Amino acid sequence: MPPVKHDNRITHVRPDGRWEHRFRQSWLNTYFDCPERARREAYGEVDRVETDAANVGTALHYAAEDAIALLGEGILLDPYEVQDLWQKHWDQRNAELDIEFVKRTPAASQRYGLRAAEAFGAQVLPHLTPFATEIPFGPFVLHEDEQRVITATGTIDYIDAVHGMIDWKTASRPYEPWEKQRWAIQPTTYKVGGATVIPDLKSPWHDGPYNGPMGIWHYAVFPEAAQVKTQWIKCERIHDGWDGWLVNQLLPIAYQLEATERGDLPVWPLRDQHALCSPTWCPSWDTCKGMTLSADDLKSHKPRAPWA
Ligand code: SF4
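Positions 4 to 311 (my numbering) are the ones given, in order, by the sequence shown.
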């Protein structure tokens, strides 16, 4: 095997001389949005700054986890109490971390976070039957051959005893359900990862094993710009063909990582054909698309005939 020239956070060489690639769903999500952004993350070429958008979502996850733990003990919080939890976590994280406000002002972030927390408390929490929160899985082997081993690891936010896996999402706009069903990587990774841990999982609140649905995934989305405060999106990952498809997706990425380790692939494809390629989402903007174009160059014009 050629010498390893780089040091990324996903790939290493095992004692038996084979590559091992350890994938996390969140990094894969980034990869499918833009491979080059994911490469920079993997090789530590961007500072992982905490942004206001991520902070609103993380505070909501923490508030949901606290509220679900109390629900498991038989205490149902009202929406205002969930908002208090959100506020507590948001304040705490703002005090401890250097949050960069790139998407919203602090006041707008707070408004949106409280709206999402209220929606969670009013429209989601009363309908839950908690089975477990924060369930780690992996690393487990998805594929191996003579040259490489591909593993995956992650943490499932929440498993409901009746409804299966649910993930909480903050977002500017509602999601497209058909897109999520057709290609979202998170339900696929967690379907495969969940199958390795859920059968033996013990609940802190229930006796006996999990008897809920397998391969059913729900996003509970709290969109900022929408009338609806909670959008439910169901994804089915029941068919085992999703397992094979996941390997088919990961193998080419493994080849890319190996070529990069050998020094044969200094950059990865730049994908800017999505709304996220912007100064507010991509920490590499200034040294990538922003080197040749400004945010002004991205502005769209009113749709009208050129002679109007
Ligand atoms: S600026 Fe756009 S193309 Fe460049 S790394 Fe970021 S998301 Fe990718």
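Ideal Cβ placement from N, Cα and C applies to all residues, glycine included.
Please read all numbers here as calculations on a predicted model, not as lab measurements.
Contact between LYS106 and ASP55 holds: CB atoms are separated by about 6 Å, below the 8 Å threshold. Taking 6 Å as the cut-off, the C-beta of LYS292 counts as close to a heavy atom of ligand 1. Taking the Cβ of GLU39 as the reference point, at least one heavy atom of ligand 1 falls within a distance shorter than 6 Å.
In this model, PRO282 and MET294 are separated by some 11 Å (Cα to Cα). DSSP, reduced to helix, strand and coil, places LEU80 outside both helices and strands of the structure shown, so it counts as coil.
Counting the other Cβ atoms within 10 Å of the Cβ of SER175 gives fewer than 16, which makes it exposed. Between ILE188 and LEU31, the C-beta gap is smaller than 7 Å, which places the two residues in contact.
Distances taken from the Cβ of CYS238 to the heavy atoms of ligand 1 include none shorter than 6 Å. Exposure of THR290 is indicated by the presence of fewer than 16 other C-beta atoms within 10 angstroms of its C-beta.
DSSP places ASP163 in the uninterrupted beta strand (DSSP E) bounded by 151-163.
In this structure, the CA atom of LYS237 is about 14 Å from the CA atom of VAL127. For LYS172, the enclosing beta strand (DSSP E) begins and ends at 167-174.
Contact annotation, HIS24 with TYR65: C-beta distance approximately 30 Å; criterion of less than 8 Å not satisfied. In the structure shown, ARG96 adopts helical secondary structure according to DSSP, grouped into three states. Judged by beta-carbon spacing, ASP69 lies beyond the 7 Å limit of LEU100, meaning their Cβ atoms are not closer than that value.
Collapsing the DSSP output to three states places ARG27 in a strand. Below 8 Å, too few C-beta pairs join the segment 147-162 and the segment 263-270 to call them touching: fewer than three. For the options TYR213, PRO212, THR233, THR158, the alpha carbon positioned closest to that of PHE143 is the one of THR158. Contact between the segment 107-117 and the segment 164-171 is absent, with fewer than three C-beta pairs closer than 8 Å.
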